[in-house]
């Protein structure tokens, strides 16, 4: 397994993607605001582990931006921590949420000396287009199923201080 299996969540939190819904109606305004998303992938064959912890802000303008961390662990190596930032554009159309990232940046903040040896950044794309089915979208929670890998990802709305 490689980072490609983790990237759909990153895409989701960075920009979200096409949503096809089983809900009666999607209230687009429920998506506006700050969301916190977490996901973990473990591959028993390769013993690779990856965790994403990400915050994303969806704006009424159809743009989003986010930041977070990717923790990546391979056998016989220390855990690598990457700082992630991303910008994207999104649109809900005919029951689908369409996303296209415009920029993704990653920086190894834990062991940059291992970047050349492991070349993990080759698995972190600079742009992503992803589609997901909305399983649940409320004012406080979001649950989607990736159309590319079938995994389910969940995010919770971040409470705003007033």
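In our numbering, the protein residues as written are 110 to 271. We treat Cβ as the ideally placed atom computed from N, Cα and C, and that holds for glycine.
What ranges does the beta strand (DSSP E) occupy inside the region 139-218, keeping only unbroken runs of at least 3 residues that lie completely in it? 142-152, 157-167, 172-182, 189-202 and 205-217
Can you tell me whether residue 229 is helix, strand or coil according to DSSP? By 1-based counting over the chain shown, the position of residue 229 is 120. Three-state result, residue 229: helix.
Rounded distance between the beta-carbons of residue 176 and residue 189, thought under 8 Å: Locating residue 189 in the chain shown gives position 80, where the first residue counts as 1. Locating residue 176 in the chain shown gives position 67, where the first residue counts as 1. No, residue 189 and residue 176 are not in contact; Cβ-Cβ is about 17 Å, not under 8 Å.
Determine, using beta-carbon pairs with one atom in the region 212-220 and one in the region 239-259, whether at least three such pairs fall under 8 Å. no
Excluding sequence positions up to five away, which residues of its chain have a Cβ less than 7 Å from the Cβ of residue 248? For the purposes of this step, residue 248 is taken as residue 139 along the chain shown, with counting starting at 1. Here the set comprises 139 and 266.
Use the C-beta contact count for residue 122: other C-beta atoms within 10 angstroms, 16 or more gives buried, fewer gives exposed. For the purposes of this step, residue 122 is taken as the residue at position 13 of the chain shown. Low per-residue confidence applies at residue 122: pLDDT is 47, beneath 50, and the placement is therefore not dependable, though the value from the model is reported in the following sentence. With 16 or more other Cβ atoms within 10 Å, it is buried.
Please report the distance separating the alpha-carbon of residue 239 from that of residue 222. Mapped onto the chain shown, residue 239 falls at position 130. Mapped onto the chain shown, residue 222 falls at position 113. Rounded to the nearest angstrom, the two C-alpha atoms are 31 Å apart.
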